[in-house]
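Here the structure comes first, spelled out in structure tokens, and everything after it is commentary.
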Amino acid sequence: MALARDGTGINATARAFWSQVHPVFMTPPLAASLFGAILADDITPTLAAIHVAAMFAAVYTAHVKDGYVDFYVRGEDDDHPLTERGCRVALALSTTLFALCCLLLGVLVNWVAVALTVPTWLIAYHHAPQLDTNPVTATTGYPLGIALSLFGGFYVQAAAFAAVPLGFAVVFLVLLSGIKVIDDAQDYDYDRSIEKRTVAVAVGPTRAYDLAYGLMVTALLIVVAFAVARLFPPTAVLAALAFAAVALAARRAGPELATMLLIRGSYVFLAVLVAAVRFEPLAGFA
1 MALARDGTGI NATARAFWSQ VHPVFMTPPL AASLFGAILA DDITPTLAAI
51 HVAAMFAAVY TAHVKDGYVD FYVRGEDDDH PLTERGCRVA LALSTTLFAL
101 CCLLLGVLVN WVAVALTVPT WLIAYHHAPQ LDTNPVTATT GYPLGIALSL
151 FGGFYVQAAA FAAVPLGFAV VFLVLLSGIK VIDDAQDYDY DRSIEKRTVA
201 VAVGPTRAYD LAYGLMVTAL LIVVAFAVAR LFPPTAVLAA LAFAAVALAA
251 RRAGPELATM LLIRGSYVFL AVLVAAVRFE PLAGFA
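In UniProt numbering, the protein residues as written are 1 to 286.
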């Protein structure tokens, strides 16, 4: 029985499976895992690779399940590269990879590392059709996964809890929740027609925009406050300023362009934070 809808053979099947890798949405969780590792004093590359692989498997699971539900269950999408059987096989493969990574983390680190990792798959698998129908869980599911990826990436290296990675996890949860509200607003008319309760549908587009930017401003203020308190390096403020500039430009754009700008702005935000934490350029002046 075929796994791909647009052809048979290894090449067609490989293309169908690869189609579920969406770099724009997959890069942040993987980068967050590595950022968490950087926050630890010493990095063990093998452990970092295992945790990144687990995050890849979790996000891949989300993409496959979401596509399956939207095409085969809800009938929202016009096409899907995988057959129903192909979706089930892809989910089985990604879940097996995730389980293997968790097993390795349990052996090489401890059960707490596993406990911090497993929720990312649970969020991914249940995003559709359970979590994406409620304004709160539809908004915070992806950001919470990234926050867990960051904190888990740190714990896998340090085998301990610390305030700094927890602080960064909170910042990303709040910041990305704001971006997700904007992202969901792209589909306001359609979501409203099928009674899918995103934040935009629940409170209206105008209030949703206000809430979204309020969340982003709150996240940036947290960064500044933590930098003043010396929990974060002082140069972390530069990350807040860089993202603020992008957010100002996005504020004047429509939902689609705003989402594109804000997601890429989050990449810049993360990159500046990595540089601030890893190199601490102002440490000599403290």
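Think of the CB as a built atom: it goes at the ideal place given N, C-alpha and C, for glycine as much as any other residue. Keep in mind it's a predicted model, so treat the numbers as computed, not measured.
Identify whether residue i lies in helix, strand or coil by the three-state DSSP scheme.
i: Leu82; result: strand
i: Ala62; result: helix
i: Ala219; result: helix
i: Gly9; result: coil
i: Ala99; result: helix
i: Ser19; result: coil
i: Phe285; result: Residue placement at Phe285 is poorly supported in this model, since its pLDDT is 48, which falls under 50; the coordinates still yield a value, given next. Residue state, collapsed to three classes: helix.
i: Leu148; result: helix
i: Ile38; result: helix
i: Leu231; result: coil
i: Glu195; result: coil
i: Thr44; result: coil
i: Ala225; result: helix
i: His51; result: helix
Below 7 Å CB to CB, which residues in the same chain sit around residue i once its five sequence neighbours on both sides are set aside?
i: Gly284; result: Legend: pLDDT at Gly284 = 48, less than 50; position of this residue unreliable, value from coordinates given subsequently. For Gly284, where only same-chain residues beyond five positions count, there are no Cβ hits under 7 Å.
i: Pro143; result: Phe172, Leu173, Leu176, Ser177 and Lys180
i: Pro135; result: Arg197, Thr198, Val199 and Ala202
i: Ala253; result: Leu261
i: Val112; result: Tyr155
i: Ile43; result: Ala37 and Gln157
i: Leu220; result: Ala240, Phe243 and Ala244
i: Val89; result: Leu3
i: Ala163; result: Leu231
i: Thr137; result: Leu131
i: Leu91; result: Thr61, Val64 and Lys65
So residue i and residue j are in contact, right, with Cβ under 8 Å, and what is the actual spacing, rounded?
i: Leu34; j: Val52; result: 7 Å
i: Pro165; j: Leu148; result: That pair is no contact at about 11 Å.
i: Ala62; j: Cys101; result: About 16 Å; that fails the 8 Å criterion.
i: Ile146; j: Pro29; result: 5 Å
i: Gly141; j: Ile123; result: 5 Å
i: Ala54; j: Thr117; result: 5 Å
Between the C-alpha atoms of residue i and residue j, what's the straight-line distance to the nearest angstrom?
i: Ala48; j: Gly153; result: 7 Å
i: Gly167; j: Gly67; result: 33 Å
i: Phe25; j: Met260; result: 11 Å
i: Ala208; j: Thr139; result: 11 Å
i: Asp210; j: Met216; result: 10 Å
i: Gly75; j: Pro81; result: 14 Å
i: Glu256; j: Gly214; result: 19 Å
i: Ala160; j: Ala16; result: 40 Å
i: His22; j: Val228; result: 37 Å
i: Thr218; j: Thr95; result: 35 Å
i: Leu238; j: Thr120; result: 29 Å
i: Leu104; j: Val114; result: 9 Å
i: Leu93; j: Val224; result: 42 Å
i: Ala99; j: Leu39; result: 25 Å
i: Asp132; j: Leu273; result: 30 Å
i: residue 291; j: Ala249; result: Residue 291 lies beyond the stretch modelled for the chain, which goes from 1 to 286, so this question has no answer here.
i: Thr13; j: Ser266; result: 33 Å
i: Ala286; j: Val170; result: The pLDDT assigned to Ala286 is 49, lower than 50, so where the model puts this residue is not dependable; a value taken from the coordinates is nonetheless given after this. Roughly 26 Å between the two C-alpha positions.
i: Arg264; j: Gln186; result: 17 Å
i: Asp78; j: Leu97; result: 29 Å
i: Arg85; j: Phe71; result: 13 Å
Which residues in the same chain as residue i place their Cβ atom closer than 6 Å to its Cβ, once the five residues preceding and following it in sequence are excluded?
i: Val268; result: Ala242
i: Ala276; result: Pro233, Thr235 and Ala236
i: Ala212; result: Gly178, Val181 and Ile182
i: Val69; result: Ala128 and Pro129
i: Tyr188; result: Ala200 and Pro205
i: Cys87; result: Val64 and Tyr68
i: Arg192; result: Val201
i: Val246; result: Leu261 and Gly265
Looking at residue i and the ligand NAP, is the gap between the Cβ and the nearest heavy atom below 7 Å?
i: Val52; result: Judged by which ligands are present, the structure shown has none, so any question about the ligand NAP falls away.
Report the partner residues of residue i according to the DSSP bridge assignment.
i: Ala4; result: Leu82
Give me, in chain order, the residues of the same chain whose beta-carbon lies closer than 8 Å to that of residue i; leave out the 5 immediate sequence neighbours on both sides.
i: Thr83; result: Met1, Ala2, Leu3, Ala4 and Arg5
i: Val109; result: Leu47, Tyr155, Val156 and Ala159
i: Ser19; result: Pro81 and Leu82
i: Thr27; result: Tyr267
When you compare the CB of residue i with every CB in chain C, is at least one pair closer than 8 Å?
i: Ala57; result: Of the protein chains in this structure there is only one, and it is not chain C.
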